[in-house]
Amino acid sequence: MTCERPAKLEQAAIEEIQDLETRLGVTLVAYEKVLPYKKLTDDGIAKLKEIEKETRAILVAYEA
Numbered sequence: 143m144t145c146e147r148p149a150k151l152e153q154a155a156i157e158e159i160q161d162l163e164t165r166l167g168v169t170l171v172a173y174e175k176v177l178p179y180k181k182l183t184d185d186g187i188a189k190l191k192e193i194e195k196e197t198r199a200i201l202v203a204y205e206a
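Numbering (the working numbering), first residue to last: 143 to 206.
Shown next as structure tokens:
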């Protein structure tokens, strides 16, 4: 599972992407690079699962 976020681009990069969209006849979406997953210890996984259960949310650990 990854959680992509739209990239924060400078105006020049936006214009370059828009030009490429026109030339290719497509819509492009720029995302930030996704950090690699963090390898957790068994204790860390247990704590993460506990919080997931309490919050009813899915947590994903990424490298900082």
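The C-beta atom is built at its ideal place from N, Cα and C for all residues, glycine as well. The structure displayed is predicted, hence computed values, not measured ones.
Residue nearest to residue i in terms of C-alpha spacing, selected from the options
i, options, result
"Pro-204", "Ile-187, Lys-181, Gly-186, Ile-193", "According to the sequence as given, residue 204 is Tyr; it is not Pro. When each option's Cα is compared against that of Tyr-204, the closest is Lys-181."
"Tyr-179", "Val-202, Thr-164, Gln-153", "Val-202"
"Arg-147", "Ala-206, Lys-191, Ala-172, Glu-194", "Ala-172"
Endpoints, alpha helix (DSSP H) assigned at residue i
i, result
"Ala-188", "184 to 197"
"Ala-172", "No alpha helix (DSSP H) holds Ala-172; DSSP gives it neither H nor E."
"Ala-154", "153 to 166"
Local conformation of residue i per DSSP, three classes
i, result
"Pro-148", "strand"
- On the three-pair Cβ rule with 8 Å, is the region 186 to 197 touching the region 154 to 165? Contact between the region 186 to 197 and the region 154 to 165 is absent, because fewer than three Cβ pairs lie under 8 Å.
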